[in-house]
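Undergrad: Protein chains in written order, with this note's numbering: chain V, 13 to 232; chain Y, 13 to 232. Ideal Cβ placement from N, Cα and C applies to all residues, glycine included. Note that this is a predicted model, so its numbers are computed, not measured. Supplied in structure tokens, the structure appears directly below.
Number of protein chains: 2
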Amino acid sequence: MPERIPVVEKILSANDRLALENRAKIDAAGLFSINIMASPGAGKTSLIEQTVRALGKKYRIGMINGDILTSLDADRAAAAGAVAVQINTGGDCHLDAVMLHSALNQLDLNNLDLLIIENVGNLICPAEFRLGTHKNVIVASIPEGDDKPHKYPSMYRGADVLILNKIDLLPYVPFRMDFFRQGVEVLNPGVTQLNLSCSSGEGLAAWYTWLESNLTLKNG
Amino acid sequence: MPERIPVVEKILSANDRLALENRAKIDAAGLFSINIMASPGAGKTSLIEQTVRALGKKYRIGMINGDILTSLDADRAAAAGAVAVQINTGGDCHLDAVMLHSALNQLDLNNLDLLIIENVGNLICPAEFRLGTHKNVIVASIPEGDDKPHKYPSMYRGADVLILNKIDLLPYVPFRMDFFRQGVEVLNPGVTQLNLSCSSGEGLAAWYTWLESNLTLKNG
């Protein structure tokens, strides 16, 4: 069906155009922004909660959460101290630049240092839609299994930093770290991987360092 | 954009029409068929491996696996003793009736008792596309978290049986069984839930019983 291709291209370029507008808006406010993507239950919200608790006194953090229906995740981020905005996609499997564009209008960007976007829990569709953020953060987790980079290439290819969460569960589930990293290397050679546990706290310091070094570059 | 609605309806009804054709083909061969859906890493493939090992001597089992790119899961099912066919969706986030239609042609349906479809790992998109199978099986897992039915309603609403996998990890992660079930009940009152662990084997017998009672109804 060759007729379909131009339509798809048109939709994508409209999204990309709006992503550029989002970026301009974020840059004008001097913010550093990240788009966190993961499978359902990998620990995006827990990571955001921990981050807001650890850095929320030093930096003003805004959080935009994309979910199909509920505001459970935005509520958790807000309880931890972030300024949180909820986007309900109404069934859509990803956030796109249009949704982010309207959400940005609900935040006082000039009064923020860091903007965290929590995408819809999905390892496929969110990878196809640029939002306009500075960095893509992928959260993988030990119980998901070591084959995920091999099976969800687009997501891993687009990562600027890769978090491997729930390492406290390593003693209880089979996980070949070499096989996991091998899959990552093929798609995204040399990408920074941070092994951590939002539950035990192990390894979180390196994540805060990564985040702060980017915040300093952007704001300082 | 009211113009978009008829197009979506047209695509869906074309899919549903083909799903009916798939069902007729499966019924003509006297097979019982299930469509297994889950988040990435919930344990679809492990469940299929265990099932093929436990029931593969008594029943002839065919397996069709949907994946974006690899054949890792089909390879595992084949190694366990199933007749396995791989569908690579080439980036698509779900299986649809068209894909299943071509895959069915690659199996000798008359020489099978049970057909297992393993859908793409995704809690959103697969729920929208009927394939023509008899029952939908949803696999959830303990480390994914107890909020998933609340957050992914379409998937849970369409389940004929709900498997809660990885119960061996209950001592190591927080999981409120009441909150999980409460979310399920709102969407799908009374749906059978089977708590089990593909890793320890606990609870698998009840799953085999469910499967065999359906196989008997269909074939016996």
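I'd like to know if V:A40 contacts chain Y, where contact means its C-beta is closer than 8 Å to some C-beta of that chain.
TA: Not one chain Y Cβ lies under 8 Å of V:A40.
Undergrad: What residue range does the alpha helix (DSSP H) around Y:K70 cover?
TA: No alpha helix (DSSP H) contains Y:K70, which DSSP labels as neither H nor E.
Undergrad: What is the DSSP secondary structure of Y:P14, reduced to helix, strand or coil?
TA: For Y:P14, the predicted structure reports a pLDDT of 43, less than 50, and the residue's modelled location is therefore unreliable. A value from the coordinates is still provided. It is coil, neither helix nor strand.
Undergrad: Please list the terminal residues of the continuous alpha helix (DSSP H) segment that includes Y:S209.
TA: No alpha helix (DSSP H) holds Y:S209; DSSP gives it neither H nor E.
Undergrad: If we call anything under 8 Å between Cβ atoms a contact, is Y:L199 one with Y:Y168?
TA: Yes, Cβ-Cβ distance for Y:L199 and Y:Y168 is below 8 Å.
Undergrad: When burial is assigned at 16 or more other CB atoms within 10 Å of the CB, is V:Y63 buried or exposed?
TA: A small fix is needed here, since residue 63 of chain V is Thr in this sequence, not Tyr. Buried.
Undergrad: Mind checking the segment 44–69 of chain V against chain Y and listing, in chain order, the residues whose C-beta falls within less than 7 Å of any C-beta there?
TA: Hits within the stretch, in order: S51, P52 and G53.
Undergrad: Going along chain Y, which residues have a C-beta under 7 Å from V:C210?
TA: What V:C210 touches in chain Y: nothing, since even the nearest Cβ is about 11 Å away.
Undergrad: Where does V:Q98 sit, in a helix, a strand or coil, going by DSSP?
TA: V:Q98 falls in the strand class under three-state DSSP.
Undergrad: By how many angstroms is the C-alpha of V:N47 removed from the C-alpha of V:S153?
TA: Whole-angstrom Cα-Cα distance: 17 Å.
Undergrad: Apply the 10 Å Cβ neighbour rule to Y:D120 and answer buried if 16 or more other Cβ atoms are within range, or exposed otherwise.
TA: Exposed: under 16 other Cβ atoms inside 10 Å.
Undergrad: With 9 Å as the limit, tell me which residues of the segment 76–90 of chain V have their beta carbon closer than that to any beta carbon of chain Y; keep them in chain order.
TA: Per Cβ criterion, the list reads D79, I80, L81, T82, L84 and D85.
Undergrad: Only counting the same chain, and skipping five residues up and downstream in sequence, which positions put a Cβ closer than 6 Å to that of V:S166?
TA: So the list reads A139, once near-sequence residues are dropped.
Undergrad: Just to check my reading of the structure: V:K56 and V:E130 have Cβ atoms closer than 8 Å, yes? What is that Cβ distance to the nearest angstrom?
TA: Yes, they are in contact, since the Cβ atoms of V:K56 and V:E130 sit about 5 Å apart, within 8 Å.
Undergrad: Using beta carbons (cut-off 8 Å, strictly below), is V:P165 in contact with chain Y?
TA: Output row for V:P165: interface = yes.
Undergrad: Roughly how many whole angstroms lie between the Cα atoms of V:N177 and V:A54?
TA: If I take the Cα positions, the gap works out to 7 Å.
Undergrad: For Y:H146 versus Y:S45, is the C-beta spacing smaller than 8 Å?
TA: Yes, the pair counts as a contact, with Cβ atoms nearer than the cut-off.
Undergrad: Specify the secondary structure class of V:G53 as computed by DSSP and reduced to three states.
TA: Three-state result, V:G53: coil.
Undergrad: So what does DSSP say about V:L176, is it helix, strand or coil?
TA: If DSSP states are grouped into helix, strand and coil, V:L176 belongs with the strands.
Undergrad: Please report how far the alpha carbon of Y:G42 lies from the alpha carbon of Y:L127, in whole angstroms.
TA: So the alpha carbons of these two residues sit roughly 10 Å apart.
Undergrad: When you compare the CB of Y:L199 with every CB in chain V, is at least one pair closer than 8 Å?
TA: With 8 Å as the cut-off, Y:L199 does not count as an interface residue toward chain V.
Undergrad: Do Y:V151 and Y:A218 have their CB atoms nearer than 8 Å?
TA: In this structure, Y:A218 does not lie closer than 8 Å to Y:V151 by Cβ.
Undergrad: Beta carbons nearer than 9 Å to chain Y: which residues of the segment 116–138 of chain V have them?
TA: Under the 9 Å Cβ criterion, the segment 116–138 of chain V contributes V132, G133, N134, L135, I136 and C137.
Undergrad: Can you name the start and end residues of the beta strand (DSSP E) that V:V149 belongs to?
TA: First-last of the beta strand (DSSP E) with V:V149: K147 to S153.
Undergrad: Are any of the Cβ atoms in chain Y nearer than 8 Å to that of V:Y184?
TA: Cβ-Cβ to chain Y under 8 Å: yes for V:Y184.
Undergrad: The alpha helix (DSSP H) with V:L199 in it runs from where to where?
TA: Counting along the chain, the alpha helix (DSSP H) containing V:L199 begins and ends at M189 to L199.
Undergrad: Mind the definition here: the segment 89–100 of chain Y touches the segment 81–100 of chain V only if three or more C-beta pairs lie below 8 Å; say whether that holds.
TA: No contact exists between the segment 89–100 of chain Y and the segment 81–100 of chain V.
Undergrad: Just how far apart, CA to CA, sit Y:E15 and Y:I99?
TA: Bear in mind that a pLDDT of 45 at Y:E15, under 50, signals an unreliable position, so the model cannot answer this.
Undergrad: Could you check the C-alpha separation between V:A36 and V:G102 for me, to the nearest Å?
TA: If I take the Cα positions, the gap works out to 27 Å.
Undergrad: Please list the terminal residues of the continuous beta strand (DSSP E) segment that includes V:L127.
TA: Where V:L127 is concerned, the enclosing beta strand (DSSP E) stretches over L126 to E130.
Undergrad: For Y:D120, does the three-state DSSP call read helix, strand or coil?
TA: Three-state result, Y:D120: coil.
Undergrad: Pull up the CB-CB distance for Y:K160 and V:I80, whole angstroms please, since I reckon it's below 8 Å.
TA: About 11 Å separates the two Cβ atoms, so there is no contact after all.
Undergrad: For Y:L112, which residues in the same chain have their Cβ closer than 6 Å to its Cβ, ignoring the five residues on either side in sequence?
TA: N34 and L143.
Undergrad: Here's a check: name, in chain order, each residue in its chain whose Cβ is nearer than 6 Å to the Cβ of Y:I76, leaving out the five neighbours to either side.
TA: So the list reads V97, A115 and I129, once near-sequence residues are dropped.
Undergrad: Decide if V:S209 is buried, meaning its Cβ has at least 16 other Cβ atoms within 10 Å, or exposed.
TA: V:S209 comes out buried.
Undergrad: Name, please, each residue of chain V whose Cβ falls closer than 8 Å to the Cβ of Y:L181.
TA: Per Cβ cutoff of 8 Å: P155, L181, Y184 and V185.
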